[in-house]
Each structure stands twice: as C-alpha cells, then as structure tokens.
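Structure first, commentary second.
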Amino acid sequence: MGGIGRNLKKKAEAFGMTVIYHNRRQLEDSEAGGAEYVSFEDLLRKSDVLSLNLPLNPKTRHIISTEQLKLMKPTAIIVNTARGAIIDEAALVDSLDRDIIAGVGLDVFEEEPKVHPGLVRNEKVILLPHMGTWTSETIKKMEEWAIENVRLAVETGKLKSPIFEQKGMQ
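According to the numbering used here, the sequence shown is numbered sequentially starting from 2.
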C-alpha cells in the first residue's frame, strides 16, 4: 500500500469501511495503520469495494481478468483510477453482464481514448474521462513536484519518488 493507498485508506475509514490490502510486500504496522495484509486471492474474495492503485507493467497488465473476477463477491464493486490495462476489459464486461460482480467505476481505460462499448451500454458502470487530477490545486502541486524532482536529479542524481518497477527492479 503506497502513498495513494494510504491516503485512500483514511478516506474509506471515514465512511466506516474496514480496509484490507495486498502489496508486493507486507508493510510495517506503522505504515499499514491498522489495515490487514491479505493474499491477492483473499483481497479479491473479501473486498466489497476493490480500489486498484498500482502501476502498469508487464506483471500487472490484466492482473484483473476472468479468473480473478470469478473470485469476487457478486456484490463487489471495482474502482480503477490507476491504469486502464490493469483490467482485462472484455473479461470485465462479461463479468458485469453475467452478474459476477455488481459494478465498476473507471476513469482509465485499457485502450485510451477508446472505451469498450460493453462498458458504455452497461448501467452498472460509471465512466469518467481520466480526470482525477483536473483541479487547479492538484495541477499546481504536480508542477511543483516535477520542478523539485528535476532539481534533485540535477543536483544530487536522485529522485524524490523513484518508481523501481519501471527499471525492472523488484
């Protein structure tokens, strides 16, 4: 559970939700903040709302597909604001059509800007145009972060937030 997950955890708990998580590694208790670490399969089986907050790389492409969707509760809802290709959209549409899961909220799509027609026609789907960061405050903070990141890279050779997966590191 990275920074986005920990931030989302606080918001979910404000709504009375119990938070469980799966991560490449189990976090220290101080980092997890009371959230329970579970296997990926248990995360799918137990989640009422599954929020996907992970990078897209060869290991995570279609990490949610037919077999994973079958493990979920028929009342479960998936929210993906991370990267579209994390979910196999054809499998998602099939699962929604067959009531394997209850619904989905997406602001990212597998082949942006295209949206699977099965998602558009389905009343159990909420679609947004990849706009999670479209506020003046967020844009300003992102600009400041980028400038600081470049400054650090030039002055120290290090980044504020390296993404090791992008270099093939574990």
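Beta carbons are placed, not taken as given, at the ideal position from N, Cα and C, and that holds for glycine. Quick caveat: nothing in here was measured; it's all calculated off a predicted structure.
Membership of ASN150 in the alpha helix (DSSP H) is indicated by the continuous run 137 to 157. With a 10 Å radius around the Cβ and a threshold of 16 neighbouring Cβ atoms, LEU51 comes out buried. Cβ neighbours of SER31 within its own chain (closer than 8 Å, five residues either side excluded): none. Residue burial annotation: ASP89 is buried, with at least 16 other C-beta atoms found within 10 angstroms of its C-beta.
PRO75 places its beta carbon 8 Å or farther from that of ASP108.
Ranking LEU97, HIS63, GLY34, HIS23 by CA distance to the CA of LYS47 puts HIS23 first. Boundaries of the beta strand (DSSP E) harbouring LEU107: 104 to 107, taken from the DSSP string. It is roughly 5 Å from the alpha-carbon of ILE78 to the alpha-carbon of GLY104. If the five residues before and after GLY6 are omitted, its C-beta is found closer than 7 Å to the C-beta atoms of TYR22, ASN54, all from its own chain and listed in chain order. Sequence-distant partners of ALA36 (beyond 5 residues in either direction) whose C-beta falls short of 7 Å from its own C-beta, in its chain, are MET2, LYS10, VAL20, ILE21, TYR22. Taking all protein chains in view, the Cβ of PHE110 is crowded by 16 or more other Cβ atoms within 10 Å, so the residue is classified as buried.
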